[in-house]
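Asks: Shown below is the structure under consideration.
In UniProt numbering, the protein residues as written are 1 to 522.
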């Protein structure tokens, strides 16, 4: 195109724009700048030129991103990838910028023990054939190629992709924009980094009036798919390698998020472990409580059988006396219908009393799984009715105070068992110590939705040093023959866990005191 036409075009296109500086990136742009900078941009004192090979002028710094060290590192990387490397094949270029890279490569190869072959004057098909037959101890270096021997033009990436298809050896290049086109990579110029540094240096010049010295920047880039194709170990690459086509582990892409995720997973696992530990522990405790519950019921059963024996003795004696009376009347021929009717009624009365006692005993051991509404007063009176006769035989008086109706939801038989345990605990102490005028006093107090049942005796009380231990499983102040240490633990378990109540031990001036607090939902 005529230079005058270009000049007029650029004048018209940018006549209304003001520039503080210009970055020129390509060889073609550098030619335009050389030809028209004086006429178009003479009023711009600050110009920065990047990636071109023109003569240095005032207010100009030339930076192309390449130096001899880049060529040296590229060759060293190829030797690391293939320790048996002997041959380097360099595809000849006619590009102005690439020629400088080519010169650097050839200079470095002169001082190496590698055989160097320059591939030039080939058609595309001939070059592909040549590369497809290269020995395994070879590597190919590619800079830029825009046309072949016949003058056919190519897009560099398409050209590289075409020759790389059948290549048995890796092809190294110097532009990161070529990645994904068949090159394995190498030490490469990253255009985005070059542009960023160019802009920063231009801004620095505008502010300070001079350019900073710029060191060429390049990084090792590797196409992971090519790495696998040529069976090259990943650990042969530099630590700062930038990969493409590589499945990056999520912890590398999102380190902070991954760290918190791992911590969360560990925390969840610990919580899960703690849950299972607690579950195992709770299962053991539950099993132990079930065993203790059974033992407690068996212990109370012995007491109940003793109660039944006591309560049956009187009606059995009465029935025996009535039978003897009837027998005497029969022998003396004084038996009549009226006497037989009275004998029948009195006997049935005693039998019903005995049957009622058995029903109470059976109901006590009939464990219902569902909670029901029941009256605490009824359970207290039922308990006292069951045991009072046997306690009288032991010279122990049971006193009742302020009994009132109070309805709660729960398991009545379990509460009755708790009452029996507390009665039996007091009875054992009173009998063992042979207390004169022994008594057990039960008092009820109602406060809104709270019922307080107080058990008191005059058995001397609980030693202060063990009062905190009396609810511990298998702890007993009795000797081995007379105590198992499970009664009070069971009473506490029933009241607190099964009935959502509280039991508190203490002492009075004359004996022990147990205060039970139960709550109503009503």
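Glycine included, each C-beta is placed from N, C-alpha and C at the ideal position.
Within 8 Å (strictly less), CB to CB, does residue 104 reach chain D?
Replies: The chain inventory of the structure shown lacks chain D, comprising one protein chain alone.
Asks: Is the CB-CB distance between residue 354 and residue 315 below 8 Å?
Replies: yes
Asks: Below 8 Å, can you find three or more Cβ-Cβ pairs linking the segment 132–139 to the segment 159–176?
Replies: yes
Asks: Taking contact to mean 3 or more Cβ pairs, one atom from each stretch, closer than 8 Å, check whether the segment 225–238 and the segment 256–273 are in contact.
Replies: no
Asks: Ordered along the chain, which non-local residues of its own chain (more than five positions away) have a Cβ less than 7 Å from that of residue 73?
Replies: 187
Asks: Identify the residues that DSSP records as bridge partners of residue 506: which are they?
Replies: 513
Asks: Where in the segment 83–161 do unbroken runs of the alpha helix (DSSP H), each at least 4 residues long, occur, reported from the N-terminal end onward?
Replies: 96–110 and 124–132
Asks: By DSSP, does residue 219 sit in helix, in strand, or in coil?
Replies: It is a strand residue.
Asks: Identify every residue that forms a DSSP beta bridge with residue 173.
Replies: In DSSP, residue 173 forms no bridge with anything.
Asks: Under a Cβ-count criterion, where at least 16 other Cβ atoms within 10 Å of its own Cβ denotes burial, should residue 457 be classed as buried or exposed?
Replies: buried
Asks: Per DSSP, what are the beta-bridge partners of residue 526 in this structure?
Replies: Since the first residue shown for the chain is 1 and the last is 522, residue 526 is missing from the structure and cannot be characterised.
Asks: Output needed for residue 118: all residues of its chain with C-beta closer than 7 Å, excluding positions within five of it in sequence on either side, in chain order.
Replies: Around residue 118: 90 and 92.
Asks: For residue 420, write down the residues that DSSP places opposite it in a beta bridge.
Replies: Per the DSSP secondary-structure output, residue 420 pairs with nothing in a beta bridge.
Asks: In angstroms with no decimal places, state the Cα-to-Cα distance between residue 159 and residue 141.
Replies: 13 Å
Asks: Should the segment 396–412 be regarded as contacting the segment 366–386, the criterion being three or more beta carbon pairs within less than 8 Å?
Replies: The segment 396–412 makes contact with the segment 366–386; the number of CB pairs closer than 8 Å reaches 3 or more.
Asks: Flag this pair as yes or no: are the beta carbons of residue 422 and residue 396 separated by less than 8 Å?
Replies: no
Asks: Please state if the CB of residue 467 and the CB of residue 488 are separated by a distance shorter than 8 Å.
Replies: no
Asks: My assumption, with CB atoms under 8 Å, is that residue 426 sits in contact with residue 389. Please give the rounded CB distance.
Replies: Wrong, their Cβ atoms sit about 16 Å apart, outside the cutoff.
Asks: Taking C-alpha atoms, which residue in 252, 246 and 69 lies nearest to residue 103?
Replies: 69
Asks: Nearest-angstrom Cα distance between residue 16 and residue 10?
Replies: 11 Å
Asks: Can you grab the Cα-Cα spacing for the pair residue 173 / residue 200, in whole Å?
Replies: Answer to the nearest angstrom: the Cα atoms are 27 Å apart.
Asks: Report all residues from its chain with a CB closer than 7 Å to the CB of residue 46; omit the five preceding and five following residues, and keep chain order.
Replies: The predicted model places residue 46 with a pLDDT of 47, which falls under 50 and marks its position as unreliable; any figure quoted below should be read in that light. The answer, listed in chain order, is 20, 21, 59, 205 and 206.
Asks: Assuming residue 75 and residue 109 make a contact with CB atoms under 8 Å, what is their CB distance in whole Å?
Replies: 7 Å
Asks: For the beta strand (DSSP E) holding residue 399, just list the boundary residues, first then last.
Replies: Start and end: 396–401.
Asks: What do you get for residue 83, buried or exposed, if any count of 16 or more other CB atoms within 10 angstroms of its CB means buried?
Replies: exposed
Asks: Distance check for residue 162 and residue 127, CA to CA, integer angstroms please.
Replies: 10 Å
Asks: Please state the DSSP three-state secondary structure of residue 187.
Replies: strand
Asks: Is it buried or exposed for residue 249, if we count other Cβ within 10 angstroms and need 16 for buried?
Replies: Residue burial is scored here from C-beta neighbours: residue 249 has fewer than 16 other C-beta atoms within 10 angstroms and is therefore classed as exposed.
Asks: Under DSSP, the alpha helix (DSSP H) around residue 487 begins and ends at which residues?
Replies: If you look at residue 487, you'll find it in the alpha helix (DSSP H) that goes 487–493.
Asks: From the DSSP output, in three-state form, read off residue 374 for me.
Replies: strand
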